[in-house]
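Below is one structure, written out as structure tokens; the observations come after it.
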Amino acid sequence: MLPAEQIGYRGRSARTVPAHGYHAGMDGPLYSSLHHTDLKACSRRSLLMGGLVGAAACARARPRHRVQLATVNMNYKEGFERIAAEYARRRDDVTVTVQLMPANGYETWLRTQIPGQSSSAPDLFNANYAWGMYEKGLLVNLSPWLEKRNPYTNRPWIETLSAQFIEKYKVGGDVTFIPVDFIEIAFYYNADLYRRLGLAPPRTWEDMLRQAEVIRSAGHIPFAVPGNADSYWAGTVGWIARFFTDAYTRHLVPMVLSRPGDWDYNARRNRGFRLNLRDPYNDAYVVTNPERLLAAVRDGKIRVDSPRFGEVYERIKGFARYWQRGYHGATSQTAYHLFLSGRAAALLDTSAQIGQLLKDMEDLPGRARFRWGIFPVPPLTSSRYRVPPFRGVGGPGLVLGVVKKEPEQVARTMDFLMYLTSPASARILVDEAIRHRRPLTGPMLIPGARLPDDVQRLFRPFERRGFERLSWRGLMDEQQSVWEWTVWAQRYMDGRLSLREFLQRYQKTIMEALPRVVAMQKLDMDPRTRDRKG
């Protein structure tokens with residue numbers, strides 16, 4: 093959100109599938125041309141049929157409201173469709189359409205349909221493709237709804253969701269989306285190759301690079317890495333920058349905490365906070381104030397041209413020595429195929445790759461298959477600074493936001509979203525994905541929806557890693573600054589800019605982005621006042 097992002101992760105492209113609507117009591121799909129009932133025809137039929145029979149026929153044929161879910165999560169296709177059908181059987185006044193869309197072009201489509209209030213604008217959508225829309229007043233603040241009773245569990249809605257992830261991804265104190273599942277990164281490795289070379293999963297970052305020398309000397313690519321622009325924003329290089337900068341700037345968290353008198357100060361979370369670098373979850377729930385962070389940048393208390401940031405990028409460039417040649421021209425698919433073909437020994441990828449790798453390994457001829465394993469990103473142990481272990485950059489994979497429409501439509505959408513995020517529905521998503529051999533993103537964030545034991549074991553290296561709190565690509569993921577950072581970083585990694593030149597250009601990018609971020613988020617730069625959104 094990713095991104096996601098924001099792991100920044102965005103699923104691989106899926107083909108466009110027609111939107112499906114499901115009417116109560118019917119198993120087959122009804123396309124949008126059948127969503128509306130001809131009331132005049134109904135009236136004529138009722139007169140011909142007469143009495144109560146005609147009235148009952150009209151009641152069954154009355155217009156149904158539509159809730160539209162537009163998503164790129166092809167892995168949950170059958171689950172979404174089954175949930176939509178079962179929901180329609182419960183509600184005789186609502187039709188749910190499930191529109192599966194390709195990831196490529198999805199964000200552009202959202203940014204044309206939602207702001208323009210198009211009739212085809214979705215009600216529910218993947219909110220990690222729409223950063224900045226909430227600040228523009230286009231999305232619903234879900235905070236008040238979380239305290240309401242979910243009629244499909246008879247408990248407050250927040251009690252059957254991941255409070256940790258909801259808190260982590262608030263915007264200005266507001267909840268802007270509901271997380272459904274979890275995604276994280278780790279290293280996939282060729283266990284057969286490691287065994288032949290006498291290697292075991294590394295325990296430290298330095299051990300990993302020493303092993304990379306052995307692997308390269310044996311004629312193999314140590315790491316397959318995509319290096320195109322998308323990788324810097326929403327993929328591998330971006331993840332690396334994020335877990336490095338989080339570790340190197342974690343000491344700054346106390347500087348940007350919300351304080352007594354700030355509009356978002358939460359005494360229960362912030363009072364008495366002491367930074368503990370040994371605990372990856374130590375700062376998970378504290379409230380940070382974005383205006384304090386931006387003020388620290390403005391006043392020069394945080395500078396990306398500092399020696400600390402210099403060491404970050406020295407380490408990243410040192411890691412890149414073990415990537416394949418020409419990585420800046422490689423996509424995520426290119427990197428994956430280098431690993432799948434056995435040419436590369438390791439691949440940094442998301443938990444969503446597990447299902448795909450299991451399937452692809454089955455499809456390979458026997459002589460091409462190999463045993464593989466997963467190890468977490470190991471900690472850096474040699475630094476001029478006190479650097480804690482790298483934390484996760486993951487987050488929710490499927491995140492659903494609600495488009496702001498008339499109150500009645502929002503209420504209908506929220507009711508379906510409560511149904512969709514109930515434990516019973518979450519189990520349907522998992523069961524249908526497994527039954528149709530579709531890859532799972534990661535563990536469900538809805539209690540009661542367990543994964544099969546063998547799948548759960550594969551997900552363990554992705555768990556209990558903690559979460560990044562401060563990370564840097566551009567400024568607060570503002571898109572122009574991210575694009576400029578990508579340009580400078582690629583040139584630095586290619587050797588076309590020195591480290592000093594790169595850091596100077598990045599600092600200039602940060603300072604030029606600051607007023608744009610302030611304007612976009614409608615901030616008055618006074619942390620004591622809550623700023624109006626939209």
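Heads up: the sequence shown begins at 93 in our numbering, then just goes up one per residue. Where is the CB? At the ideal position from N, CA and C, for every residue including glycine.
To the nearest whole angstrom, what separates the beta carbons of T533 and L591, a pair I think is in contact under 8 Å? For a cut-off of 8 Å, the C-beta gap from T533 to L591 is around 36 Å, too long to register as a contact.
Residues of its chain near Y324, where Cβ-Cβ distance is below 6 Å and the 5 sequence neighbours each way are ignored: Taken in chain order, the residues that qualify are G330, T578.
Under the rule that 16 or more other beta-carbon atoms within 10 Å means buried, what is Q425, buried or exposed? Exposed, since its Cβ has fewer than 16 Cβ neighbours within 10 Å.
Spatially closest choice to A376 from P194, A333, F257, by CA coordinates: Nearest neighbour of A376 by Cα position, chosen from P194, A333, F257, turns out to be F257.
Rounded to whole angstroms, what is the Cα-Cα separation between R342 and G402? Taking the Cα positions, R342 is about 16 Å away from G402.
Which residues in the same chain as N320 place their Cβ atom closer than 6 Å to its Cβ, once the five residues preceding and following it in sequence are excluded? The answer, listed in chain order, is T423.
So, does the stretch 453–473 touch the stretch 374–393, judging by three or more C-beta pairs under 8 Å? No: fewer than three Cβ pairs fall under 8 Å.
For a test of the three-state rule: what should DSSP assign to M568, helix, strand or coil? Three-state result, M568: coil.
Same chain only: Cβ atoms within 6 Å of G265, ignoring 5 sequence neighbours per side: So the qualifying residues of the chain are D356.
Whole-Å CB distance - F335 paired with R483, under 8 Å assumed: Contact annotation, F335 with R483: C-beta distance approximately 6 Å; criterion of less than 8 Å satisfied.
D273 beta carbon less than 7 Å from that of M45: No information on residue 45 is available, as it lies outside the stretch 93 to 626 that the chain covers here.
Apart from the five residues on each side of it in sequence, which residues of its chain come closer than 6 Å, Cβ to Cβ, to F554? Only E276, A278, S443 meet the Cβ criterion.
Where T129 falls: helix, strand or coil (DSSP): Since pLDDT at T129 reaches only 34, below the 50 mark, its modelled position is unreliable, and the value read off the structure follows with that caveat. If DSSP states are grouped into helix, strand and coil, T129 belongs with coil.
Report the rounded CA-to-CA distance for R583 versus W249, giving the unit in angstroms. One Cα belongs to R583, the other to W249, and the distance between them is close to 48 Å.
Measure from the alpha carbon of T73 to the alpha carbon of each residue in A219, E454, S350, Q445, then state which is nearest. Residue numbering for the chain in the displayed model covers 93 to 626; residue 73 lies beyond these limits and cannot be assessed.
Here's the rule: buried if 16 or more other CB atoms are within 10 angstroms of the residue's CB, otherwise exposed. What is V531? The residue you asked about is not Val; residue 531 is Pro in the sequence shown. So P531 counts as buried.
Following the continuous alpha helix (DSSP H) through P607, name the residue where it begins and the one where it ends. 591–612 is the span of the alpha helix (DSSP H), which, as asked, contains P607.
According to DSSP, is F559 part of a helix, a strand, or is it coil? Three-state result, F559: strand.
What does a CB cutoff of less than 6 Å around H528 pick up in its chain, not counting 5 residues either side in sequence? Closer than 6 Å at Cβ, skipping near neighbours: E170.
Taking the alpha carbon of D215 as the reference point, which residue from L238, V186, A195 has its own alpha carbon closest? Among L238, V186, A195, the Cα nearest to that of D215 is on V186.
Under the rule that 16 or more other beta-carbon atoms within 10 Å means buried, what is Q303, buried or exposed? Buried, by the Cβ-count rule.
Three-state secondary structure (DSSP) of V263: Three-state DSSP puts V263 in a strand.
Tell me the DSSP secondary structure of V186 in three-state form. It is a strand residue.
Could you check if N282 is buried or exposed, using at least 16 other CB atoms within 10 Å of its CB as the buried criterion? When all chains shown are included, N282 counts as buried.
Could you give the C-beta distance for P607 and R384, rounded to a whole number, given that I count them as a contact under 8 Å? Between R384 and P607 the Cβ distance is about 17 Å, and since that is not below 8 Å, they are no contact.
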